[in-house]
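Input: a single structure, listed below in structure tokens.
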Amino acid sequence: MHEQSITALAAALRARAFSARELTAHYLARIQQLDEHLNAYITVTDEQALAAAERADQQLAAGTAGPLTGIPIAHKDIFCTNGIKTSCGSRMLDTFVAPYDATVVERLQAAGVAMLGKTNMDEFAMGSSNETSYYGPVHNPWRLERVPGGSSGGSAAAVAAGLCAAATGTDTGGSIRQPAAFCGITGIKPTYGRCSRWGMIAFASSLDQAGVLARSAADAALVLQAMAGFDERDSTSADEPVPDYRAQLEDDIAGLKIGLPKEYFGEGLDPNVAASIEAAIKEYEALGASVHEISLPNAPLSVPVYYVVAPAECSSNLARFDGVRYGHRCEAPTDLEDLYTRSRAEGFGAEVKRRIMIGTYVLSAGYYDAYYLKAQQLRHLISDDFKRAFEQVDVIMGPTTPSTAFALGAKRDDPVAMYLNDIYTIATNLAGLPGVSIPVAPADGLPVGLQLIGNVFQEGRLLNIAHRLQQATDWHRMTPRLAA
Numbered sequence: 010m011h012e013q014s015i016t017a018l019a020a021a022l023r024a025r026a027f028s029a030r031e032l033t034a035h036y037l038a039r040i041q042q043l044d045e046h047l048n049a050y051i052t053v054t055d056e057q058a059l060a061a062a063e064r065a066d067q068q069l070a071a072g073t074a075g076p077l078t079g080i081p082i083a084h085k086d087i088f089c090t091n092g093i094k095t096s097c098g099s100r101m102l103d104t105f106v107a108p109y110d111a112t113v114v115e116r117l118q119a120a121g122v123a124m125l126g127k128t129n130m131d132e133f134a135m136g137s138s139n140e141t142s143y144y145g146p147v148h149n150p151w152r153l154e155r156v157p158g159g160s161s162g163g164s165a166a167a168v169a170a171g172l173c174a175a176a177t178g179t180d181t182g183g184s185i186r187q188p189a190a191f192c193g194i195t196g197i198k199p200t201y202g203r204c205s206r207w208g209m210i211a212f213a214s215s216l217d218q219a220g221v222l223a224r225s226a227a228d229a230a231l232v233l234q235a236m237a238g239f240d241e242r243d244s245t246s247a248d249e250p251v252p253d254y255r256a257q258l259e260d261d262i263a264g265l266k267i268g269l270p271k272e273y274f275g276e277g278l279d280p281n282v283a284a285s286i287e288a289a290i291k292e293y294e295a296l297g298a299s300v301h302e303i304s305l306p307n308a309p310l311s312v313p314v315y316y317v318v319a320p321a322e323c324s325s326n327l328a329r330f331d332g333v334r335y336g337h338r339c340e341a342p343t344d345l346e347d348l349y350t351r352s353r354a355e356g357f358g359a360e361v362k363r364r365i366m367i368g369t370y371v372l373s374a375g376y377y378d379a380y381y382l383k384a385q386q387l388r389h390l391i392s393d394d395f396k397r398a399f400e401q402v403d404v405i406m407g408p409t410t411p412s413t414a415f416a417l418g419a420k421r422d423d424p425v426a427m428y429l430n431d432i433y434t435i436a437t438n439l440a441g442l443p444g445v446s447i448p449v450a451p452a453d454g455l456p457v458g459l460q461l462i463g464n465v466f467q468e469g470r471l472l473n474i475a476h477r478l479q480q481a482t483d484w485h486r487m488t489p490r491l492a493a
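Just so it is clear: in the sequence shown, position 110 is 119 by my numbering, and no numbers are missing.
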């Protein structure tokens, strides 16, 4: 069952080949059997999943089922879930039980999914390897000694290993696309504002966006369809109509103009990864697309810009975690200052503390103009580069990551080397654009991701372009041995 697409599972459920309860029980059994090797889940919600599956079976019997009714999925543990722990991968929220559902969770529940549990993640979504989690690192199902990518590494590993049919994730600087690339699956970060951020615990509010990790572009389209749309509870939600993503999947891509940024194919890109990307581009040319070299001259500045803007916003957002109303509280504080100091020191991990301190520094009175204001000005230049590029081409393509998945611990003590893993993904977040990573030919037996970047609110077009490649190749059907 776990090897089938969501479309195939939905058809089998409607044909009563198996029940939603049987399907959910199958995934729960796989989690029990395999997750000890992966550490992909923080919380498994057996009872809630089976109860949702029974409701789905009733809808299926009544003929009122939708395309996601009875499909077992997982949520990244950054989305609030009513009555279930929402930890954000941090000791700070280890005991926090959310009193409401995030909009994304709410909408997928309304679509009839069965939530299997909450997936592991880098603490407060800060990391590129899923090694900063309070609950320990997630392991890549392709090779257990490798990282799955971050911060949505638990979701990516769970999908790749067949421990859920799809999963939600969040992407602040590449946190859906990079783990999708490392785990050999499809991941989409929609346009900023396309999916509601209400009930999604904030890291960097002007960058964070909810998205989907799935086995194929067609599966991602089904899940995103249910998630997307305006939400009046979120002031950053875009009041834009949501097209039918599924209806766009089969559109012809003959005449498609592909832009290849010269900045994405220079020093630092693994030659084997480059070869895999070039092979995928040739497939697109065979489908009738044309290739054009373009330039994103300010792209090399995206990493330093991001690591000023994101920590600044994180220092503000995480100020609320002070040990007073909710979250970790130290034992026997002597006074209010001691309560604040020890609660935050004990509750936050090293990477979160590092980013809070950087953010507080760049927002301070003496350095605001020199760092934060300058970074915001450069952010506009990066966005302008994309606007000019989309006057020439329909879609921008390149590698999702500069290398395949690296070994656990290899970059843990070198923050700069870790940050450079997101060098090709960060600019998309700074510009608020949609991006997709899809698997292409592996390198040295490990997955490689091709990144597709579109203009604003062009998620449907990106999914269509990704789907057409997946119809012509079988790279997205490859699974790790652990998933067998």
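Heads up, the beta-carbon is just placed ideally off N, CA and C, and yes, glycines get one too.
Coarse secondary structure for residue i, derived from DSSP in three states
{"i": "Arg353", "result": "helix"}
{"i": "Gly178", "result": "strand"}
{"i": "Ile474", "result": "helix"}
{"i": "His11", "result": "coil"}
{"i": "Pro81", "result": "strand"}
{"i": "Tyr428", "result": "helix"}
{"i": "Pro108", "result": "coil"}
{"i": "Leu498", "result": "Nothing can be reported for residue 498, as the shown portion of the chain is limited to 10 through 493."}
{"i": "His46", "result": "helix"}
{"i": "Ile262", "result": "coil"}
{"i": "Thr16", "result": "helix"}
{"i": "His337", "result": "coil"}
{"i": "Phe88", "result": "strand"}
{"i": "Glu302", "result": "strand"}
{"i": "Arg23", "result": "helix"}
{"i": "Lys420", "result": "coil"}
{"i": "Arg155", "result": "strand"}
{"i": "Leu491", "result": "helix"}
{"i": "Leu269", "result": "strand"}
{"i": "Leu125", "result": "strand"}
{"i": "Gly162", "result": "helix"}
{"i": "Val53", "result": "strand"}
{"i": "Met101", "result": "helix"}
{"i": "Ile194", "result": "coil"}
{"i": "Ile93", "result": "strand"}
Inter-residue CB distance, residue i and residue j (contact presumed, cutoff 8 Å)
{"i": "Thr200", "j": "Val465", "result": "5 Å"}
{"i": "Tyr377", "j": "Val317", "result": "Rounded, the Cβ-Cβ distance is 11 Å, inconsistent with contact."}
{"i": "Ile87", "j": "Ala134", "result": "6 Å"}
{"i": "Ala475", "j": "Ala226", "result": "4 Å"}
{"i": "Gly509", "j": "Thr52", "result": "The first residue shown for the chain is 10 and the last is 493, placing residue 509 beyond what the model contains."}
{"i": "Leu231", "j": "Pro76", "result": "6 Å"}
{"i": "Cys97", "j": "Ile197", "result": "At roughly 22 Å, the Cβ-Cβ gap does not stay under 8 Å, so Cys97 and Ile197 are not in contact."}
{"i": "Ser7", "j": "Ser205", "result": "Because the chain is modelled from 10 through 493, residue 7 falls outside the range shown and cannot be assessed."}
{"i": "Leu461", "j": "Gln257", "result": "Actually they do not touch by this definition, with Cβ atoms about 14 Å apart."}
{"i": "Glu468", "j": "Tyr254", "result": "7 Å"}
{"i": "Glu292", "j": "Ala481", "result": "6 Å"}
Close-in-space but distant-in-sequence residues of the same chain around residue i (CB under 6 Å, 5 per side omitted)
{"i": "Gln385", "result": "none"}
{"i": "Ala123", "result": "Thr33, Ala58, Ala61, Ala62 and Pro81"}
{"i": "Phe212", "result": "Phe133, Ala134, Thr181 and Cys323"}
{"i": "Leu117", "result": "Ala235"}
{"i": "Ile447", "result": "Thr195, Leu459 and Ala475"}
{"i": "Asp178", "result": "A small fix is needed here, since residue 178 is Gly in this sequence, not Asp. Answer for Gly178: Lys85, Ser161, Ser164, Ile185, Gly220 and Leu222, listed in chain order."}
{"i": "Lys94", "result": "Thr52 and Val106"}
{"i": "Asp103", "result": "Ser96"}
{"i": "Ser138", "result": "Val156 and Gly159"}
Cβ shell of residue i (< 7 Å), same chain only, five flanking positions each side left out
{"i": "Arg477", "result": "Ile262 and Leu296"}
{"i": "Val300", "result": "Ile267, Leu269, Ile290 and Glu294"}
{"i": "Ala29", "result": "Leu22, Ala62, Ala65, Asp66, Leu69, Gly79 and Ala123"}
{"i": "Arg224", "result": "Ser14, Val168, Ile194, Thr195 and His485"}
{"i": "Tyr349", "result": "Asp331 and Gly332"}
{"i": "His46", "result": "His148, Leu153 and Leu491"}
{"i": "Tyr109", "result": "Cys89, Asn91 and Gly208"}
{"i": "Tyr36", "result": "His11, Pro81, Leu125, Leu172 and Cys173"}
{"i": "Leu387", "result": "Asn307, Leu310 and Val314"}
Cβ shell of residue i (< 8 Å), same chain only, five flanking positions each side left out
{"i": "Glu140", "result": "Asp131, Pro146, Val156, Gly159, Leu417, Gly418 and Arg421"}
{"i": "Val312", "result": "Tyr428, Leu429, Asp431, Ile432 and Ile435"}
{"i": "Ile391", "result": "Leu305, Asn307, Ala308, Leu310, Ser311, Val314, Ala436, Leu439 and Ala440"}
Residue i: CB within 8 Å of a non-hydrogen atom of the ligand NAD
{"i": "Ala166", "result": "Among the components of this structure there are no ligands whatsoever, and the ligand NAD is therefore not found."}
Contact between the stretch 447-461 and the stretch 191-204 is defined here as three or more beta-carbon pairs at a separation below 8 Å; is this criterion met?
Segments in contact, yes.
Alpha helix (DSSP H) segments (min. 4 residues) lying fully within the stretch 361-418:
383-398
Return the chain-ordered ranges of every alpha helix (DSSP H) run that is complete within the stretch 425-470 and spans a minimum of 4 residues.
435-440
Please go through the stretch 211-248 and give each complete beta strand (DSSP E) segment of 3 or more residues, from N-terminal end onward.
Runs of the beta strand (DSSP E) inside the stretch 211-248: 218-223.
Is it a yes or a no for the stretch 397-405 touching the stretch 161-170, going by three-plus beta-carbon pairs under 8 Å?
The stretch 397-405 vs the stretch 161-170: no contact.
Note down, one range per segment and in chain order, each beta strand (DSSP E) of at least 3 residues found wholly within the stretch 275-325.
299-303
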